[in-house]
């Protein structure tokens, strides 16, 4: 019968090995279960905005080429328009500029890299190879924005007085439409209206030059203060203040004046099909909400899975339909109290002191706008989601914007004016007259996308497989070891039982020593106890038996276990 001590020791050894096996298995399973979280943590550590993160240099000065394309609307029947005809438009362009973004004057307000302050510098360089014409020589016939501005503000009580207006009419021959080169119309020209206004009141008219992009090339905008994501990755890139203000003073409600979201170059990580994100457009003085439209497709990669995001329908709804948009009806405006659907008032955003130009934004060709707005002009191309909407394509895990098409149209609101009736006496009805539209396009290059794909998906998958294989091999080996040890202990105990039987039968006249030093004496059936009295002959017999067991028996047992 098996020795009690042998059975106890065997049970202890088997139990210990089992416990160790279970512990290591649990640890490996825990590692495998948290592997994705560990990878996400490592990835997030590299996309936060700190001087040591891998994205920092590209954040300071992005190397992805940005194409800034400009399309202008030529008023082909301007002589008839001043007589009351509907404006007929012809699109010219594109004039393509390479846009370079650079962050300057970078500081860390809190000293712990949780926030960063900077100025944004934009530089535009003409790409003649991609442009449809020569902006230095091409002529555009467009509305005189300074004259329309004076007219609209005169109606609102902010323009020139009747005396000042009389003085202006004496000094110059005011024209509703002007002829300039494309370069002048965009980047600035000396306008007689602004020159006269500046001479009369430099506070109202601080400059004698005017242009749609005047003062935008090579100048710094800001400061911006944003969240770096170091403390909370979900806040990555969120704008905390702009030009020293955490809220704006442009709109008529607190909600509308909130600065929410990022600048649109990246979003917070973990974008899902139900996600909504905000971007803040500084040039438009407001935040816009984006929603996921569905899966997208990149131009330069079929491997990366991206989500397509665009504006929400609620954003374009008029205040009469969506009361939340009433806050975007400025308290003072040079146009209608609240614009129609799909039209956004920029008069307060672009104001210079008390003068508010009647400028409005929309999607190109009035895509998504009230149909009556398009009826005010002729010649606009038919808009579609592909040629007239803003779309960005986002890598959902990191929130990186890998491809973007931002499109915006600028129109001028023109209406009859009592104060300046000679110039606008034949303007039959208020009209949103398109002037220009822009497309800002950024497409990540194939090499960069391949590197991103390998870093975010391929390498972590390899790591996940290695951990799984290692866990399987280790658990398998431990299982084999456990089974082997159990069999070995069983055979050893069986051998010790036979040894005890031999002692009882007299085959061995002295106690034998087994592998666990269990000592046997002649006792009753199954009895196992220690003996303290030994003779020299008995000890010799014990040693002889131990040697024979070690040399002959153990190899035999092991061979039976493993072979």
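In my numbering, the protein residues as written are 2 to 564. Each residue gets a CB set at the ideal place from its N, CA and C atoms; glycine is no exception.
Please classify residue i as buried or exposed, where buried requires at least 16 other C-beta atoms within 10 Å of its C-beta.
i: residue 250; result: exposed
i: residue 373; result: exposed
i: residue 105; result: exposed
i: residue 382; result: exposed
i: residue 466; result: exposed
i: residue 245; result: exposed
i: residue 334; result: buried
i: residue 436; result: buried
i: residue 384; result: buried
i: residue 1; result: Residue coverage of the chain in this structure runs from 2 to 564, which leaves residue 1 outside it and unanswerable.
i: residue 314; result: exposed
i: residue 147; result: buried
i: residue 413; result: buried
i: residue 485; result: exposed
i: residue 155; result: buried
Between residue i and residue j, is the Cβ-Cβ spacing less than 9 Å?
i: residue 121; j: residue 219; result: no
i: residue 149; j: residue 337; result: no
i: residue 45; j: residue 234; result: yes
i: residue 89; j: residue 378; result: yes
i: residue 73; j: residue 186; result: yes
i: residue 252; j: residue 328; result: yes
i: residue 68; j: residue 131; result: yes
i: residue 279; j: residue 312; result: no
i: residue 349; j: residue 332; result: yes
i: residue 195; j: residue 211; result: yes
i: residue 93; j: residue 139; result: yes
Give the single residue among the options whose Cα lies nearest to the Cα of residue i.
i: residue 108; options: 264, 52, 451; result: 52
i: residue 177; options: 151, 200, 199; result: 151
i: residue 79; options: 142, 263, 450; result: 142
i: residue 408; options: 390, 435, 394; result: 390
i: residue 303; options: 445, 87, 484; result: 445
i: residue 298; options: 450, 230, 430; result: 450
i: residue 262; options: 300, 309, 453, 242; result: 242
i: residue 369; options: 360, 386, 211, 355; result: 386
i: residue 124; options: 145, 291, 98; result: 98
i: residue 440; options: 273, 293, 276, 364; result: 364
i: residue 275; options: 296, 283, 284, 282; result: 296
i: residue 25; options: 55, 248, 479; result: 479
i: residue 432; options: 20, 61, 499, 87; result: 87
i: residue 442; options: 473, 70, 339; result: 70
i: residue 411; options: 77, 380, 488, 213; result: 213
i: residue 305; options: 17, 470, 110, 447; result: 447
Report the rounded CA-to-CA distance for residue i versus residue j, giving the unit in angstroms.
i: residue 226; j: residue 118; result: 4 Å
i: residue 48; j: residue 268; result: 11 Å
i: residue 271; j: residue 325; result: 28 Å
i: residue 57; j: residue 100; result: 19 Å
i: residue 153; j: residue 175; result: 15 Å
i: residue 193; j: residue 221; result: 28 Å
i: residue 137; j: residue 181; result: 10 Å
i: residue 403; j: residue 199; result: 45 Å
i: residue 320; j: residue 75; result: 32 Å
i: residue 426; j: residue 83; result: 8 Å
i: residue 173; j: residue 345; result: 33 Å
i: residue 491; j: residue 482; result: 14 Å
i: residue 255; j: residue 322; result: 20 Å
i: residue 458; j: residue 392; result: 24 Å
i: residue 232; j: residue 209; result: 47 Å
i: residue 65; j: residue 257; result: 32 Å
i: residue 287; j: residue 430; result: 29 Å
i: residue 283; j: residue 260; result: 9 Å
i: residue 301; j: residue 452; result: 12 Å
i: residue 493; j: residue 27; result: 31 Å
i: residue 342; j: residue 184; result: 32 Å
i: residue 158; j: residue 239; result: 39 Å
i: residue 294; j: residue 476; result: 45 Å
i: residue 50; j: residue 63; result: 13 Å
i: residue 126; j: residue 96; result: 11 Å
i: residue 356; j: residue 281; result: 24 Å
i: residue 353; j: residue 43; result: 47 Å
i: residue 116; j: residue 77; result: 51 Å
i: residue 197; j: residue 145; result: 14 Å
i: residue 55; j: residue 360; result: 41 Å
i: residue 60; j: residue 394; result: 18 Å
i: residue 417; j: residue 85; result: 11 Å
i: residue 317; j: residue 380; result: 23 Å
Less than 9 Å between CB atoms is the rule here; does residue i satisfy it with respect to chain C?
i: residue 477; result: Considering every chain present, this structure includes no chain C. It has just one protein chain.
| query | Would you say the segment 393-405 touches the segment 254-271, given that touching needs at least three Cβ pairs under 8 Å? | reply | yes
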